[in-house]
Amino acid sequence: MSDIKRVPGSVVTRSQAVAYGGLVFTVATAVEKPADFYLQMKDALRAVDKQLAAAGSDKSRVLTVTIYVADVARKAEINRAWDEWVDRSHPPVRACAEVVLEGADLVELVVTAAAGHLAHG
Amino acid sequence: MSDIKRVPGSVVTRSQAVAYGGLVFTVATAVEKPADFYLQMKDALRAVDKQLAAAGSDKSRVLTVTIYVADVARKAEINRAWDEWVDRSHPPVRACAEVVLEGADLVELVVTAAAGHLAHG
Amino acid sequence: MSDIKRVPGSVVTRSQAVAYGGLVFTVATAVEKPADFYLQMKDALRAVDKQLAAAGSDKSRVLTVTIYVADVARKAEINRAWDEWVDRSHPPVRACAEVVLEGADLVELVVTAAAGHLAHG
Chain A
77 MSDIKRVPGS VVTRSQAVAY GGLVFTVATA VEKPADFYLQ MKDALRAVDK QLAAAGSDKS
137 RVLTVTIYVA DVARKAEINR AWDEWVDRSH PPVRACAEVV LEGADLVELV VTAAAGHLAH
197 G
Chain B
77 MSDIKRVPGS VVTRSQAVAY GGLVFTVATA VEKPADFYLQ MKDALRAVDK QLAAAGSDKS
137 RVLTVTIYVA DVARKAEINR AWDEWVDRSH PPVRACAEVV LEGADLVELV VTAAAGHLAH
197 G
Chain C
77 MSDIKRVPGS VVTRSQAVAY GGLVFTVATA VEKPADFYLQ MKDALRAVDK QLAAAGSDKS
137 RVLTVTIYVA DVARKAEINR AWDEWVDRSH PPVRACAEVV LEGADLVELV VTAAAGHLAH
197 G
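Chains as they are written, first to last, in my numbering: chain A, 77 to 197; chain B, 77 to 197; chain C, 77 to 197.
What follows is the structure, encoded as C-alpha cells:
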C-alpha cells in the first residue's frame, strides 16, 4: 500500500484527486458546459464536493482554491455560486485569475484541502 | 478547536490566510492600487508579510510563490520589488504568469509557507 | 540545520526546489526554447525529473501539476509529451491554463510532490 491515495479520473494519465500526508489535492471543471458562468461554477463546485468526498475530505476542510475563469469581468456570477457553496464557518483562502481555458470551459478550480471531515473551530 | 486555523479576511466567504499541518496558505494583492507594477508588488509583499505573521509564519519560511501579473513585460519592476523583499538565505520556489486580474490589480501573489519562524539553514 | 531544504537555482533570489514536511515544491520551464510545444514540454518535464531528484523525490510521487501554456490550442502537443512522461501507475492531479509567459517560454510547470521514492500502490 502506498502512502499516497490516488482517485482515478476519466483517463489513466491523471488522477481526479490525490490524498497524502493529511492533504487532498483536486482539480475540477464543470461536467456540463453551458455558456453560463454561474451554472458552470456551480457545477464545478459540485464536482469539487464529489472529488473531495472520494479522497476523504469535504468543503469544511478546504484550505485554498485558485479559480481560473475565462472572463474576470463575469466575477459576480462566479461569486454568486461561490457564496451559495462556501462553508462560511470555514472559508478557504481564494485567488482568482482570468486565463484561456480549453474548449467550452469557463472555469477551472484548483483545490487544496485537509483530509478529514466535520471541522469544528 | 479545529486543527485548521483561519485568519478572517474582509469578507466572510474567504479567509486571508489558513494554517494547517505545519503549512500556511495565503493570497495577497496590493492594498493601494496605483498604476505602478513596482509599487503594487512592494505593497502586495507587505501584505504577505502581515498575513504570514497573522497565521504564524514569516518570509524566511516561504516555500513557493506564484506571481500572477497583469503584464509580464513589466517583470523587471516586479523583480525589483521581489529582490528587495526576498530573504536571500531562504529563497522560495517561484512561478510567474501573465493573466487578467480584477479591477486595478496589477499583481496577485499565491503563497505557501511553512509554519514557524526564524529558519536557520 | 533547517527543517526546510532548499535546492539553489540559477539566481540567489529563488530556489529551484524546496522540500519540507514530506512535500517537495518545484517550478520548471524548458532549458532549450525552440518554438515547439512538444519539445519544450518534454524538456520542462526532464527538468522536473532532475529537480525532484535534487530535492529527494521522483515522478512516481508527484501529487499535482499545474501546466501554464502559451497557447491552449496546442494542448495535443503538450499531452503527447505528458503521456510519454507520466507514471501511469501513479498519475498526478493536473490543471492546464493558457497564460502569457516570459520571453520564448511556451510552458511552465508548477509541481507539488511527496518526498521519497519508488511508491507502490
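Think of the CB as a built atom: it goes at the ideal place given N, C-alpha and C, for glycine as much as any other residue.
All of these numbers come straight from a predicted model, not from anything done at the bench.
{"Query": "Taking its Cβ as the centre, do 16 or more other Cβ atoms sit within 10 Å of B/Val-88, making it buried, or is it exposed?", "Result": "exposed"}
{"Query": "From A/Leu-99 to B/Asp-147, what does the alpha carbon distance come to, in whole angstroms?", "Result": "33 angstroms"}
{"Query": "Quick check: is the beta carbon of A/Ser-91 nearer than 8 angstroms to any beta carbon in chain C?", "Result": "yes"}
{"Query": "Whose Cβ in chain B lies nearer than 7 angstroms to the Cβ of A/Thr-142?", "Result": "Val-186"}
{"Query": "When you compare the CB of C/Leu-139 with every CB in chain B, is at least one pair closer than 8 angstroms?", "Result": "no"}
{"Query": "Would you decide whether B/Ser-133 is buried or exposed? Buried here means 16 or more other CB atoms lie within 10 Å of its CB.", "Result": "buried"}
{"Query": "Please decide whether A/His-196 counts as near chain B, where near means a Cβ-Cβ distance under 8 angstroms.", "Result": "Bear in mind that a pLDDT of 48 at A/His-196, under 50, signals an unreliable position, so the number given afterwards is only what the model happens to contain. Answer yes: the Cβ-Cβ gap between A/His-196 and chain B drops below 8 angstroms somewhere."}
{"Query": "Would you say the beta carbon of A/Thr-102 is closer than 7 angstroms to some non-hydrogen atom of the ligand NAP?", "Result": "Within the structure as shown, the ligand NAP is missing, as the structure has no ligands at all."}
{"Query": "To which residues does DSSP link A/Ala-104 through a beta bridge?", "Result": "A/Leu-185"}
{"Query": "Using a Cβ-Cβ cut-off of 8 angstroms, state whether A/His-193 counts as contacting chain B.", "Result": "no"}
{"Query": "Report buried or exposed for C/Pro-84, applying the criterion of at least 16 other Cβ atoms within 10 angstroms of its Cβ.", "Result": "exposed"}
{"Query": "With C/Ala-180 as the anchor, note down where its alpha helix (DSSP H) starts and where it stops.", "Result": "That residue, C/Ala-180, is in no alpha helix (DSSP H); it is neither H nor E in DSSP."}
{"Query": "Tell me, please, whether the CB atom of A/Glu-35 is closer than 8 angstroms to any CB atom in chain B?", "Result": "Nothing can be reported for residue 35 of chain A: it is not among the residues displayed for chain A, which extend from 77 to 197."}
{"Query": "Decide if A/Val-107 is buried, meaning its Cβ has at least 16 other Cβ atoms within 10 Å, or exposed.", "Result": "exposed"}
{"Query": "Return no unless some Cβ of chain B is closer than 8 angstroms to the Cβ of A/Gly-60.", "Result": "Residue 60 of chain A lies beyond the residue range present for chain A, which begins at 77 and ends at 197; the question has no answer from this structure."}
{"Query": "Between C/Arg-150 and C/Phe-113, is the Cβ-Cβ spacing less than 8 angstroms?", "Result": "yes"}
{"Query": "Compare the Cα-Cα distances from A/Val-145 to each of C/Arg-156, C/Ala-129, C/Ala-173 and report the closest residue.", "Result": "C/Ala-173"}
{"Query": "If you draw a straight line from the C-alpha of C/Leu-139 to the C-alpha of B/Ser-86, how long is it?", "Result": "32 angstroms"}
{"Query": "Would you kindly work out how many angstroms separate the C-alpha atoms of C/Val-162 and A/Thr-188, rounded to a whole number?", "Result": "22 angstroms"}
{"Query": "Is the separation between the beta-carbon of A/Pro-168 and that of B/Arg-122 shorter than 8 angstroms?", "Result": "no"}
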